[in-house]
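Colleague:
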Amino acid sequence: MALIATVAAIAAVTPLRARADCASAEEVARFVSDYMAFTPTVALGAEGSMVDALCTQARLSEALSAHMGPVIGYKAGLTSPPAQARFGAEAPVRGVLYRDMMVPSGVTVPVPWGAVPMVEADLILEIGDAAVNWATTPEEVMENISGIRPFIELPDLALAPGEPMTAETITAMGVGARLGVLGAEIEVAEVPQLTAALAQMQVTLRDAQGRVVVSAPGSAVLGHPAETILWLHAAGVTFKAGDLVSVGSFGALVPPADLHGAATVTYEGLPGDPQVAVTFGSTS
């Protein structure tokens, strides 16, 4: 797994003192037990550095893979200045995606799906060629993307009230990967036009009554959704064909209660103005 290899490489040149706060096996096991039980839990890596957080994330993702399937890609969080300011961060954070977290558009998801469930308007880019690792511009990224998928991420912020929510603790817990709703794939063709459309599109999250809850342009994510891939690669991720990349939230995360039973995200300006939708059901 690329993330574990990256963390191992960092750890090899990092003094023991600097990585003393990588979570122990016992701490990871407690987090996983709470996470799978939808129980608000204790933050991992609260006193550690970002190197510690990535070490913890690698240990946690290995443990969670037993419950959520193998890692199939990566995700970015805190991809806008307001989000970074809210959590005292100076840059985005990175996490992973799991195979079994993915569900199709139109599905009904029981509420709650986690200890601290949230909803975000997102987008998936699927890596088509490892040559993307040499890209330097959004258009060069898009030349190596095999498909675009509308995506509603349903993350779980997981932490109990009073626990520190910082760039390090968010990273340590893998940026809250829990569920994600995948829309129909959009073919990548006419790359220059599609690259421009991704920046100019308007991404709108509506509730069950069709009311607009969040609306943001494509440029709200790092200036362009493809910039997420450039940032992740610069931060140490090496991509391979087939990897899925969650580019980050277009606007604020929303509690499911604010959506009154359903969510729909529309991407106006992409071919066909595609949508992705989810209904929220009762656990009873």
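Here this note's numbering is used: the sequence shown runs in plain steps of one and ends on residue 1039. Even for Gly, the Cβ is constructed at its ideal location relative to N, Cα and C.
1) Under the three-state reduction of DSSP, which class applies to residue 1028: helix, strand or coil?
2) Quick one: is residue 836 buried, meaning 16 or more other Cβ sit within 10 Å of its Cβ, or exposed?
3) Could you check where the beta strand (DSSP E) with residue 812 kicks off and where it finishes?
4) I need the straight-line Cα distance from residue 1037 to residue 947, nearest angstrom please.
5) Going by DSSP, which residues form a beta bridge with residue 902?
6) By Cβ distance below 6 Å, which residues in the same chain neighbour residue 900 in space, the five residues on each side in sequence not counted?
7) What separation, rounded to the nearest whole angstrom, lies between the Cα atoms of residue 966 and residue 978?
8) Relative to the alpha-carbon of residue 999, which residue among 926, 1011, 830 has its alpha-carbon at the smallest distance?
9) The beta strand (DSSP E) spanning residue 794 covers which residue range?
10) Measure from the alpha carbon of residue 972 to the alpha carbon of each residue in 1005, 791, 841, 941, then state which is nearest.
11) Can you check which of these residues, 851, 815, 818, is closest to residue 832 by C-alpha distance?
12) On a Cα-Cα basis, can you pick out the residue from 799, 859, 868, 961 that is closest to residue 918?
13) With a 10 Å radius around its C-beta and 16 neighbouring C-beta atoms as the bar for buried, classify residue 821 as buried or exposed.
14) Taking the alpha helix (DSSP H) that residue 1008 belongs to, which residues open and close that run?
15) According to the Cβ coordinates, are residue 1085 and residue 1026 closer than 8 Å?
16) What separation, rounded to the nearest whole angstrom, lies between the Cα atoms of residue 995 and residue 961?
17) How do the stretch 904 to 915 and the stretch 810 to 818 stand: do at least 3 beta-carbon pairs fall below 8 Å, yes or no?
18) With a CB to CB cut of under 7 Å and the five nearest residues on each side skipped, what residues in its chain are close to residue 1011?
19) Going by C-alpha to C-alpha distance, which of 897, 877, 876, 878 sits closest to residue 885?
20) Helix, strand or coil: which one does DSSP assign to residue 787?
21) Would you check if there are 3 or more beta carbon pairs closer than 8 Å linking the stretch 926 to 941 to the stretch 984 to 994?
22) Does DSSP classify residue 957 as helix, strand or coil?
23) So, using beta-carbon positions, are residue 853 and residue 826 closer together than 8 Å?
Modeller: The answer reads as follows:
1) Residue 1028: coil per DSSP, three-state reduction.
2) exposed
3) Here residue 812 belongs to no beta strand (DSSP E); instead the alpha helix (DSSP H) covers 805 to 823.
4) Spanning the two alpha carbons is a distance of roughly 44 Å.
5) Residue pairing by DSSP places residue 902 opposite 881, 942 in a beta bridge.
6) So the list reads 880, 883, 943, once near-sequence residues are dropped.
7) 26 Å
8) 830
9) Here residue 794 belongs to no beta strand (DSSP E), and DSSP marks it neither H nor E.
10) 1005
11) 851
12) 799
13) exposed
14) It is not in any alpha helix (DSSP H) - residue 1008 carries neither H nor E in the DSSP assignment.
15) Because residue 1085 is not part of the residues shown, which for the chain are 756 to 1039, the question remains open.
16) 34 Å
17) no
18) In its chain, beyond the 5 residues on either side, 866, 872, 874, 1035 have a beta carbon closer than 7 Å to the beta carbon of residue 1011.
19) 897
20) Three-state DSSP puts residue 787 in a helix.
21) no
22) Looking at residue 957 - three-state DSSP - the assignment turns out to be strand.
23) yes
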